[in-house]
Amino acid sequence: MRLCFFDDYRLGVVDNDAIRDVSEVLDEIAPQRYPFARDDAFIAHLPQLMPKIAAAAEGKPAIAPTRVRLRSPVPNPGKLIAAPVNYQAHLDEAIADPGTFARAHVRRIQETGLFLKATSALAGAGDGIVLSHPGRRSDHEIELAAVIGRRCKNVSKAEALSCVAGYCIGLDITIRGPEERSLRKSPDSYAVLGPWLVTADELGPPSGLQLSLSVNGEERQRANTDDLILGVGELIEFASSFYTLEPGDVVYTGTPEGVGPIRPGDVIVARIDRIGEMTLGVRE
Ligand code: MN
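When we follow the working numbering, the leftmost residue of the sequence shown carries the number -2, and every step to the right adds one.
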């Protein structure tokens, strides 16, 4: 199943390039009392909601995805976890770049570990990217993003994929410079998630997925998830050895080689096999 949020956080199911509005299913989520759970209530309830979503979609009019504003398919994630350098060719590129200020940051992922992006940085495909600190260079990074479906801690890589609700295309937009990653990668709109969530049962194992990103029609990044240094299961094993992972937490799995600057007016097209494609504008 492909699920999206659009416009004023309407819930949609995406099938054959059409969205059907199934927002009434969200009423099935019981209201919470303070203090609220730290998870994303929609993702936490997804197993119960999926049959209701399928039933609600029947007979609904088809809406063209180009006619709506696509929002983040996970509206309230508790954590945005990200892998720093997780493709060998990107590691080589980062080490060779004379403009890499904080060379100490560029090490193997097993040594560097993971980092967090602010949840306020979250944006959907329809929101676009608003450049922060326009005098500085911001780069595009396309990544496969895995959305956690159930609470877990200390899971093995063998069990890890069973904790995934689904997958999205992630863009880990980054200001280049010497500060901590969590600062440079967390301005508003610098954590793109979209265009929709493809549930894990529909996508299958996240291996062999070709990913690519172009800017103004020119291809900048192309890679395959088979070339990840730590695969999705290993990343979740690693992350869950530090953090309790909760429904809706997002794991950005790292970007391949070819990162480059984005400027106002640029149009980014990002695509990943079995997920789809999204087009985003960049503005100041
Ligand atoms: Mn990244």
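For every residue, glycine included, the Cβ atom is placed at its ideal position computed from N, Cα and C.
So residue i packs on residue j, CB below 8 Å; how close in whole Å?
{"i": "V82", "j": "A91", "result": "6 Å"}
{"i": "G245", "j": "I16", "result": "No, G245 and I16 are not in contact; Cβ-Cβ is about 21 Å, not under 8 Å."}
{"i": "T222", "j": "L200", "result": "That pair is no contact at about 11 Å."}
{"i": "V266", "j": "S211", "result": "5 Å"}
{"i": "S153", "j": "E234", "result": "6 Å"}
{"i": "S237", "j": "K114", "result": "With 8 Å as the limit, S237 and K114 do not qualify as a contact, their Cβ atoms being about 18 Å apart."}
{"i": "E138", "j": "D185", "result": "The pair is not a contact, with the Cβ atoms about 17 Å apart (cut-off 8 Å)."}
DSSP on residue i, reduced to helix/strand/coil?
{"i": "E25", "result": "helix"}
{"i": "P192", "result": "strand"}
{"i": "R280", "result": "strand"}
{"i": "E90", "result": "helix"}
{"i": "P258", "result": "strand"}
{"i": "F98", "result": "Residue confidence is low: F98 scores 49 on pLDDT, short of 50, so the model does not pin down where it sits. Its coordinate-derived value is still stated next. Coil."}
{"i": "E243", "result": "coil"}
{"i": "A118", "result": "helix"}
{"i": "E216", "result": "strand"}
{"i": "L128", "result": "coil"}
{"i": "V229", "result": "helix"}
{"i": "L67", "result": "strand"}
{"i": "I50", "result": "helix"}
{"i": "A41", "result": "helix"}
{"i": "D224", "result": "helix"}
{"i": "I170", "result": "coil"}
{"i": "F33", "result": "coil"}
{"i": "S357", "result": "Here the chain comprises residues numbered -2 to 281, so residue 357 is not present and cannot be evaluated."}
{"i": "A15", "result": "strand"}
{"i": "I265", "result": "strand"}
{"i": "S204", "result": "coil"}
{"i": "L210", "result": "strand"}
Determine the direct distance from the alpha carbon of residue j to that of residue i, and round the result to whole angstroms.
{"i": "I160", "j": "R148", "result": "Just to set this straight, residue 160 is Cys in the shown sequence, not Ile. Taking the straight line from one Cα to the other gives about 8 Å."}
{"i": "S183", "j": "K49", "result": "35 Å"}
{"i": "S179", "j": "T252", "result": "16 Å"}
{"i": "D198", "j": "R(-1)", "result": "10 Å"}
{"i": "I172", "j": "D136", "result": "6 Å"}
{"i": "R181", "j": "E55", "result": "44 Å"}
{"i": "V11", "j": "A51", "result": "11 Å"}
{"i": "F98", "j": "L128", "result": "At F98 the pLDDT is 49, less than 50, meaning the model places this residue with poor confidence; the figure from the coordinates comes in the next sentence. Near 20 Å, if we compare the C-alpha coordinates of L128 and F98."}
{"i": "R217", "j": "V256", "result": "7 Å"}
{"i": "I106", "j": "L225", "result": "11 Å"}
{"i": "A59", "j": "R104", "result": "48 Å"}
{"i": "P70", "j": "P175", "result": "32 Å"}
{"i": "R280", "j": "Y6", "result": "23 Å"}
{"i": "E231", "j": "L141", "result": "14 Å"}
{"i": "T196", "j": "N213", "result": "30 Å"}
Looking at residue i and the ligand MN, is the gap between the Cβ and the nearest heavy atom below 7 Å?
{"i": "Y31", "result": "no"}
{"i": "A79", "result": "yes"}
{"i": "E90", "result": "no"}
{"i": "T109", "result": "no"}
{"i": "G251", "result": "yes"}
{"i": "E55", "result": "no"}
{"i": "E234", "result": "no"}
{"i": "D169", "result": "yes"}
{"i": "E138", "result": "yes"}
In the DSSP assignment, what are the bridge partners of residue i?
{"i": "Y164", "result": "A143 and V195"}
{"i": "L8", "result": "F2"}
{"i": "Y84", "result": "L225"}
{"i": "Y249", "result": "A79 and A142"}
Check the Cβ-Cβ distances between residue i and every residue of chain C, and say whether any is below 8 Å.
{"i": "D223", "result": "Although the question refers to chain C, the structure presented lacks it and comprises just one protein chain."}
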